[in-house]
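Quick notes on the structure that follows.
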Amino acid sequence: MSFMKNIVILISGGGSNMAAIVRTALRDDWRGSRAAQVAAVISNRADAGGLVFAREQGIATAVVDHKSHATREAFDAELAAAIDGFQPSLVVLAGFMRILTPGFVQRYRGRLLNIHPSLLPAFPGLHTHQRAIDAGCKFAGATVHQVTSELDHGPILEQAVVPVLPGDTAESLAARVLTQEHLIYPRAIASLLPHL
Ligand code: GRF
Numbered sequence: 020m021s022f023m024k025n026i027v028i029l030i031s032g033g034g035s036n037m038a039a040i041v042r043t044a045l046r047d048d049w050r051g052s053r054a055a056q057v058a059a060v061i062s063n064r065a066d067a068g069g070l071v072f073a074r075e076q077g078i079a080t081a082v083v084d085h086k087s088h089a090t091r092e093a094f095d096a097e098l099a100a101a102i103d104g105f106q107p108s109l110v111v112l113a114g115f116m117r118i119l120t121p122g123f124v125q126r127y128r129g130r131l132l133n134i135h136p137s138l139l140p141a142f143p144g145l146h147t148h149q150r151a152i153d154a155g156c157k158f159a160g161a162t163v164h165q166v167t168s169e170l171d172h173g174p175i176l177e178q179a180v181v182p183v184l185p186g187d188t189a190e191s192l193a194a195r196v197l198t199q200e201h202l203i204y205p206r207a208i209a210s211l212l213p214h215l
């Protein structure tokens, strides 16, 4: 049994980025080419649509409900326990809508990634597409970065740029950015795996 690097992906909703990673792992045979696999998909919401996709792919899933924990620390501790059950080499936040405690971030430092729908360091935080439109930006995009204790900052691994078009709404811009997210996230992970 050769050593297999386990990737654990955290989602909160539709999980389109998670699905793109899973599909790329299958298409490019990461098991054979990188001795790596998506071992589990974990969500803080039992109704996350991405869980259905993961289960259909035969990938282990788990739910850690943030509403059933009195403190962030208690939630993060249970989340870490669920993650560590899969012995991850890499933890991937993909549409995971929780702010993680410094203790959690420290636990996975160097093997914790996130994708943010803006060209960081521009527009950290929420509502990035509307803010880019309101600011009159001609370009927008997405960033894959290492997660540090400072929200939406940390070493940048990949970025993608899209034009902001006249008449764009936050929704139309989000859709254009999302298509690029689905390309850069798997690429960032594939290039990082040999170094884990
Ligand atoms: C994406 O815009 C991503 O940048 C952000 O969450 C949104 C939804 O992601 N982190 P997904 O479809 O759930 O992967």
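All residue numbers for the sequence shown refer to this note's numbering, where the first residue is 20 and numbers rise by one. Backbone N, C-alpha and C fix where the C-beta goes; we use that ideal spot for every residue, glycine too.
In this structure, PHE105 sits near ALA59, with a CB-CB distance shorter than 8 Å. Positions of the beta strand (DSSP E) runs, each at least 3 residues long and wholly inside the segment 72 to 108, are given as 79 to 82 in order along the chain. In this structure, VAL83 sits away from ILE118, with a CB-CB distance that is not shorter than 8 Å. The beta-bridge partner set that DSSP reports for HIS135 consists of THR162. Excluding five sequence positions before and after ALA193, the CB atoms of its chain that fall closer than 6 Å to its own CB belong to HIS148, given in chain order. In the three-state scheme derived from DSSP, where H, G and I count as helix and E and B as strand, GLU177 is classed as strand. Rounded to the nearest whole angstrom, the C-alpha separation of ALA189 and ARG195 is 10 Å. A contact is defined here as three or more CB-CB pairs under 8 Å, and the segment 119 to 126 fails this definition with respect to the segment 36 to 44. Under the three-state reduction of DSSP, VAL41 is assigned to helix. A straight line joining the alpha-carbon of VAL71 with that of VAL57 spans about 15 Å.
ASN25 carries a strand assignment under DSSP once its states are collapsed to helix, strand and coil. When beta bridges are read from the DSSP output, GLN56 appears opposite ASN25.
ALA81 is the residue among ALA55, LEU215, ALA81 whose C-alpha sits nearest the C-alpha of ALA67.
The alpha-carbon of ILE203 is positioned some 15 Å away from that of ARG46.
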